[in-house]
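Engineer: Let me begin by handing over the structure; questions about it come next.
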């Protein structure tokens, strides 16, 4: 396979901008996935602790009619943990989405500038190669 010779600096800058954009977006996505993994692991540990605590409290009940009240009392911390998890999840997702949007916006401007430079360079080379006449592709 023949290697593509890259002698045009505008094309090189365009490709670098695209690679930088993909690298930044991949880094932010990986960070967000790591945060989600840690958040879910913490939540699972809390749920396990809550379920063990609930099981012990139910086992300690002297009368069967106490079980409903004990279950309601012990389920309140689990509900608070779920709310905290949901809040943290929304925070991770919104910050990750904002970072990806910011990178995409910055990268798109750089890519557009690089593409404009490349197209102006290609148009100048085509005009110079045809004796100053513009070259149009057939429709």
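In the numbering used here, the protein residues as written are 3 to 141. Every residue, glycine too, gets a C-beta built ideally from N, C-alpha and C.
Which whole-angstrom value describes the C-beta separation of residue 101 and residue 30, a residue pair presumed to lie in contact below a C-beta threshold of 8 angstroms?
Structural biologist: Taking the first residue of the chain shown as position 1, residue 101 is located at position 99. Taking the first residue of the chain shown as position 1, residue 30 is located at position 28. With a Cβ gap of about 4 angstroms, residue 101 and residue 30 count as contacting.
Engineer: Would you be able to state if there are at least three C-beta pairs under 8 angstroms between the region 66-80 and the region 21-39?
Structural biologist: no
Engineer: So the alpha helix (DSSP H) residue 20 belongs to, where does it begin and stop?
Structural biologist: As a first step, residue 20 must be located in the chain shown, where it is residue number 18. Unbroken alpha helix (DSSP H) run through residue 20: 11-61.
Engineer: Using the Cα positions of residue 63 and residue 69, report the straight-line distance between them to the nearest angstrom.
Structural biologist: By one-based count along the chain shown, residue 63 stands at place 61. By one-based count along the chain shown, residue 69 stands at place 67. Those two C-alpha atoms are separated by around 6 angstroms.
Engineer: Return helix, strand or coil for residue 66, following the three-state DSSP convention.
Structural biologist: The residue given as residue 66 occupies position 64 in the chain shown. Coil at residue 66, not helix or strand.
Engineer: Could you give the distance in angstroms between the alpha-carbon of residue 84 and the alpha-carbon of residue 57?
Structural biologist: Residue 84 sits at position 82 when you count from the first residue of the chain shown. Residue 57 sits at position 55 when you count from the first residue of the chain shown. One C-alpha to the other measures close to 18 angstroms.
Engineer: Should residue 90 and residue 49 be called a contact, given that it needs their Cβ atoms to be closer than 8 angstroms?
Structural biologist: In the chain shown, residue 90 corresponds to position 88, counting from 1. In the chain shown, residue 49 corresponds to position 47, counting from 1. No. Outside cutoff.
Engineer: Starting from the C-beta of residue 99, find all residues in its chain whose C-beta is less than 6 angstroms away, skip the five residues before and the five after it, and write them out in chain order.
Structural biologist: Walking along the chain shown from the start, residue 99 turns up at place 97. None.
Engineer: Between 103, 87, 107 and 19, which lies nearest to residue 43 when the distance is taken from Cα to Cα?
Structural biologist: Sequence index remark: in the chain shown, residue 43 carries index 41 (1-based). Per the Cα distances, 87.
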